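Residue numbers (the working numbering): 3 to 291.
Only one structure is covered here, and it is reproduced in the block below.
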Amino acid sequence: MQMRSVAAKDGGEGEEAAGGDGGAAAFGGARGTAGIGHPTTLVVKKFQNSDGIVDGDLENRCKLEMILLASIRHDNIVNVLHFIQRENAIMLVYTYQVNGSLDQWLHRREEGELPLSWPERRAIAIGVAKGLCHLHHGCNKPVVHHNINSSNILLDQNFKAVIASFGAAQMNMAGLNQPLPIVETVFGNFGYAAPGRMANGVDGQLAIWARDNCSELMAKKLERFKIAVDNGIPDQALYMEEMATMFRLGVDCTIEDPQQRPSMQMALKRLRRGCGRGRFGGLLTCYNL
C-alpha cells in the first residue's frame, strides 16, 4: 500500500468518522491506493501508548483485532485493509464510510441536514441486525462485539450500516449460547451489553434501571409511547405501529433472563417480517400502546 500521508488525531472529527474504541486508539484520515490502483480515502486507526513505546500488550491487541476482522467478511461489517507497524505506533487501515456515524445523524446533525427518514432508519436497523447475526451465527466461533452503539455504526454513501470498532470484541470458543468469560478492558465508553453481563458488578444497578424503565415504557399507552419517538422523523404518524413493533423487539432483547431473549437470527427475522408489511395484528393491544 502506498500511503501519501497518515494523520491521526485524538478524538474529534477523526473518531466521529470511524467509530470509537477509547483507550490508546485515535483515528485520522489518509490518502492511498488501497491496492486498487487509484487514490482513495481511507481511515487510519492509530494505537499508541502514552510513553510512545509499542509494548507486547499493545501489539497483541492490534493483531487480535486485525486477525478477527480479517476472518470476518460481511457487507455490514467494516473491512480492514492493512496493518502498519512502526517503532512508536501501530496502525490499522480501514475503508472509509462517507456518511460518518449513525450517532452524528441522530444526535449531532449539521445545520441544514435533514433528519433520517423512518425507512432509512429501518434499513439501518436491519443492516446492523444482519451484521450481528453473522457475528453470532455465521462465523466458525460466535463473536461478541461488546460495544454496539450509534457511534460504532457507520454509514456508507447509500446509508448502508457498517459495524465498526472491534477493539473490545471476543470470540466465544465455547460456542453459541455458552457462557463467555467477562474480561477487563481499558475502554471507557459504554455500548450495549446484554443486561445479565453486568448483574454481579456495580453496573448491575444500571441493568436494573434499564430493565425497570423498559417495563414501564412497555405498559404505556400510545400517547405516552410517542415520547420515545424522535420528533424529527418525517411523517412519523404513518409509521407509528411499525415503530412500536421495533420498540417491542428492543424490549424483548433486554429481558433479564437470557433464555427468554430472541437470538439475532430471530431478531433479524422479526425486523424483516414486521417492518414495512402493513398492520401488525394485536401489537398495540398486547402492549397497551
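Backbone N, C-alpha and C define an ideal beta-carbon position, used for all residues, glycine too.
This structure is a prediction, so every number in the text was calculated from the model and none was measured.
How should E115 be labelled, buried or exposed, when 16 other C-beta atoms within 10 angstroms of its C-beta is the threshold for buried? Indexing the sequence shown from 1 puts residue 115 at position 113. Taking all protein chains in view, the Cβ of E115 is surrounded by fewer than 16 other Cβ atoms within 10 Å, so the residue is classified as exposed.
In terms of residue numbering, what span does the alpha helix (DSSP H) encompassing L156 cover? Along the sequence shown, one-based indexing puts residue 156 at 154. No alpha helix (DSSP H) holds L156; the beta strand (DSSP E) holding it covers 155-157.
State the CB to CB distance for the pair L240 and L273, rounded to an integer number of angstroms; the pair is presumed to be in contact (CB under 8 Å). Start at 1 with the first residue of the sequence shown, and residue 240 comes out as number 238. Start at 1 with the first residue of the sequence shown, and residue 273 comes out as number 271. About 18 Å; that fails the 8 Å criterion.
Return the first residue and the last residue of the alpha helix (DSSP H) that F249 is part of. Translated into positions along the sequence shown, residue 249 becomes position 247. From DSSP, the alpha helix (DSSP H) with F249 extends over 242-254.
Cα separation between K162 and K48? Here the question's residue 162 lines up with position 160 in the sequence shown. Here the question's residue 48 lines up with position 46 in the sequence shown. So the alpha carbons of these two residues sit roughly 25 Å apart.
Tell me whether N78 is buried or exposed, calling it buried when 16 or more other Cβ atoms sit within 10 Å of its Cβ. In the sequence shown, counting from the first residue as 1, residue 78 sits at position 76. Counting the other CB atoms within 10 Å of its CB gives N78 a total of 16 or more, which places it among the buried residues.
For Q99 versus L137, is the C-beta spacing smaller than 9 Å? In the sequence shown, counting from the first residue as 1, residue 99 sits at position 97. In the sequence shown, counting from the first residue as 1, residue 137 sits at position 135. Against a cut-off of 9 Å, the Cβ pair of L137 and Q99 comes out as no contact.
Answer with buried or exposed for G169, where buried requires no fewer than 16 other C-beta atoms within 10 angstroms of its C-beta. Within the sequence shown, residue 169 is the residue found at index 167, counting from 1. G169 is buried by the Cβ-count criterion.
In three-state terms, what does DSSP make of V45? Position 43 of the sequence shown holds residue 45. Strand.
Could you check where the beta strand (DSSP E) with Q87 kicks off and where it finishes? For the purposes of this step, residue 87 is taken as the residue at position 85 of the sequence shown. Judged by DSSP secondary structure, Q87 falls within the beta strand (DSSP E) whose first and last residues are 82-87.
Specify the secondary structure class of K271 as computed by DSSP and reduced to three states. If you number the sequence shown from 1, residue 271 lands on position 269. K271 sits in a helix when the DSSP states are folded into three classes.
Assign L118 to one of three DSSP states: helix, strand, or coil. As a first step, residue 118 must be located in the sequence shown, where it is residue number 116. Of the three classes helix, strand and coil, the one that applies to L118 here is coil, per DSSP.
For V56, name the three-state secondary structure that DSSP assigns. Here residue 56 refers to the residue found at position 54 of the sequence shown. V56 falls in the coil class under three-state DSSP.
Hey, could you find the ends of the alpha helix (DSSP H) L137 is sitting in? Numbered from 1 along the sequence shown, position 135 holds the residue referred to as residue 137. Note, L137: premise wrong, no alpha helix (DSSP H); not H, not E.
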